[in-house]
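K.L.:
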Amino acid sequence: MKKLAMGATLCGLLGSTAVSAADLTVALQDDPDILDPHRGNTFVGRMVFGPMCDALFDIDTSLNIVPRLAAEWAWSEGDTVLTITLREDALFHDGTPVNAEAVEANLDRAMTLPESNRKAELASITSVEVVGEYQVAITLEAPDAAFLANLTDRAGMMVSPATFETTGEGGLVCAGPYKFVERIQNDRIVMEKFADHWDADNYHFDTVTYRPIPDTTVRLANLQSGDLDIIERPAPSDMATIENDPNVVFELVTGLGFYGVNFNMGNGDRSQSPINQDARLRDALNLTIDRNVLNEVLGMGTYLPAYQPFSTASWAYNPEFDGGERDVERARELMAEAGHETVSFEILYANNSAMQQLFELVQAMAAEAGFNITLRPTEFAAYVDEREAGNFEVSQFGASGRIDPDGNFHRYLACGSAGNVGHYCNDELTDLLNQARVVNDIEERKALYDQAQRIAAEDLPALYFYYTPRTWAYSANLEGFVPYADGVLRLAGLKPKQ
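Residues 1 to 498 in full-length UniProt numbering are what the sequence shown lists, from first letter to last.
#1: From what residue to what residue does the beta strand (DSSP E) around K193 run?
#2: Answer yes or no: do Y210 and P177 have a C-beta to C-beta separation smaller than 8 angstroms?
#3: Run through the segment 43 to 98 for me and flag every whole alpha helix (DSSP H) of 4 or more residues, listed as ranges in chain order.
#4: Does the count of Cβ pairs from the segment 339 to 349 and the segment 236 to 250 closer than 8 angstroms reach three?
#5: Where does the unbroken alpha helix (DSSP H) through L358 begin, and where does it stop?
#6: Tell whether a beta-carbon distance below 8 angstroms holds between A399 and F250.
#7: Three or more beta-carbon pairs under 8 angstroms between the segment 451 to 467 and the segment 135 to 147, yes or no?
#8: Let me check understanding here. Comparing Cα to Cα, which of A162, D36, S62 lies closest to G50?
#9: Does DSSP classify E141 as helix, strand or coil?
#10: Using three-state DSSP, classify D227 as helix, strand or coil.
#11: So, is I275 buried or exposed, given that buried needs 16 or more other C-beta atoms within 10 angstroms?
#12: Along the chain, where does the beta strand (DSSP E) containing V249 start, and where does it finish?
#13: Buried or exposed: A485, going by 16 or more other Cβ atoms within 10 Å of its Cβ?
#14: Which residue marks the beginning of the beta strand (DSSP E) containing Y303, and which one marks its end?
#15: Under the three-state reduction of DSSP, which class applies to N372: helix, strand or coil?
#16: Taking just the CA atoms, how far does G493 sit from A235?
#17: Among N150, F164, G407, which has the Cα closest to the Cα of F310?
#18: By Cβ distance, which residues of its chain are closer than 6 angstroms to N352, with the 5 residues on each side in sequence left out?
#19: Which runs of the alpha helix (DSSP H) fall wholly inside the segment 411 to 489 and span at least 4 residues, in chain order?
#20: I need the DSSP call for K2, collapsed to helix, strand or coil.
#21: On the DSSP bridge list, what partners appear for S311?
#22: Could you give the C-beta distance for H410 and N267, rounded to a whole number, given that I count them as a contact under 8 angstroms?
#23: Strictly by DSSP, which residues pair up with R211?
#24: Do D33 and T42 come within 8 angstroms of each other at the CB atom, strictly closer than that value?
Have a look at this one:
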């Protein structure tokens, strides 16, 4: 049996070669959190859910919303009642039908389960009514401009109601083209083709295995050796190597997400750190970061500098909020105004090579102004738990990006929102973001986001460093690979070259 380089052992299920007519192996940067679309909260989790859990809707490569489990849909006058007619040939992996009752049960679970991370995405729902075996009417309290976009993701993914109590690490029963086989934490997640899927003919692998490999060098080495078929987020420094290898293909598409840091401003005792209590210190830290250096050194020109939650691929992007040059002297002045010559704090981040390189650079840049930063790399699942528990001062802050701006802003900075792990709360900002949810006119929504951005620029609950390109490398023995701006791998049409 082949071995993965540097000691990572290839799953025995897949045999001795990666690309064959039956098997596909994909390497992820991190190990996903809980395998439940209602409770999951990580980008790599979205990657794994994609093949297993069909949603009501999906997107195309132009970010248009297209049907998936839904066959047709219509809005009432006033955009407060969404009637969805389901396709009648969709089955859960346990053989039960994906019908209106199942949709009602899933939306209810996502809205009421105590540990659900979908509550904010579905908060506008006032009722869900079964109006036919395959037709459901969803009534909203007010128009929700992001609602359909939310249903393209985990909020719209369907789990068999018969398995609600067992969903999680012990097994996931959804309605996608692949069904869950096993998970070994920090090693692999294995799924096999679901023969009764309504679009089974468009999926060409019998098994798909996802392997968490945090080190970019190890991911690439195993792709080049043939032990992996696809790797996500190859290191930008390896782009030239990949492009010069005739056995590997490199893909890049403009993404919607970002990386930066967020501050613990109200989640437990560690929120009392000076950096979290004084916006002048956060502004000073911001001024020490040379985003052009991050782009050139880490991104090899692919990490476009970020100062706001919206990349240039989003209609909500506003160049007004892009920052100026690095200014260490002004950073020192702000620290002195706040009564500090030096400021110490810790950055919590996921232990992978990309984040390690980023925060080592941040640490060195900030030191020039008097910031003494301690780095705390943590295994990914533990990193997620530590953030939720408030056991951090400053943390890695990343979003994979959503097709609607609400998912990049409200989710992370609105009072009480699921992704707001630092418990920042500004009522005026939250009110503006809530208003933006009920306006369908893009210009009106953009004006509201601009107002909210001005508040965020003063409070600085988060700093944005760079926008994430969506990069992939894969075996030249594959064909039909299509990258999407949301960074989620879609397997339809992907197959070995004949």
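Beta carbons: idealized from backbone N, C-alpha and C, even for Gly.
P.N.:
In short:
#1: From DSSP, the beta strand (DSSP E) with K193 extends over 188 to 193.
#2: Not closer than 8 angstroms, so no.
#3: Complete alpha helix (DSSP H) runs here, min 4: 43 to 52.
#4: Contact between the segment 339 to 349 and the segment 236 to 250 is absent, because fewer than three Cβ pairs lie under 8 angstroms.
#5: 353 to 367 is the span of the alpha helix (DSSP H), which, as asked, contains L358.
#6: No, the pair does not count as a contact, with Cβ atoms beyond the cut-off.
#7: With a cut-off of 8 angstroms on Cβ pairs, the segment 451 to 467 is not in contact with the segment 135 to 147, counting fewer than three such pairs.
#8: The shortest C-alpha to C-alpha distance from G50 to any of A162, D36, S62 is the one to D36.
#9: In this structure, E141 counts as coil in the three-state DSSP scheme.
#10: Under the three-state reduction of DSSP, D227 is assigned to coil, being neither helix nor strand.
#11: So I275 ends up on the buried side.
#12: Where V249 is concerned, the enclosing beta strand (DSSP E) stretches over 248 to 263.
#13: Under the 10 Å beta carbon count, A485 is surrounded by 16 or more other beta carbons and is classified as buried.
#14: DSSP places Y303 outside any beta strand (DSSP E), giving it a letter other than H or E.
#15: N372 falls in the strand class under three-state DSSP.
#16: As the crow flies, the alpha-carbon of A235 is around 26 angstroms from that of G493.
#17: Looking only at N150, F164, G407, the smallest Cα-Cα distance to F310 is reached by G407.
#18: These residues qualify, in order along the chain: Q29, P214.
#19: Within the segment 411 to 489, complete alpha helix (DSSP H) segments of at least 4 residues are found at 427 to 437, 442 to 459, given in chain order.
#20: Annotation note: pLDDT 33 at K2 (below 50); position unreliable, no value reported.
#21: Bridge partners of S311: none, in fact.
#22: Contact between H410 and N267 is ruled out by a C-beta separation of about 18 angstroms, above the 8 angstroms threshold.
#23: A27.
#24: Yes, these two residues count as a Cβ contact at 8 angstroms.
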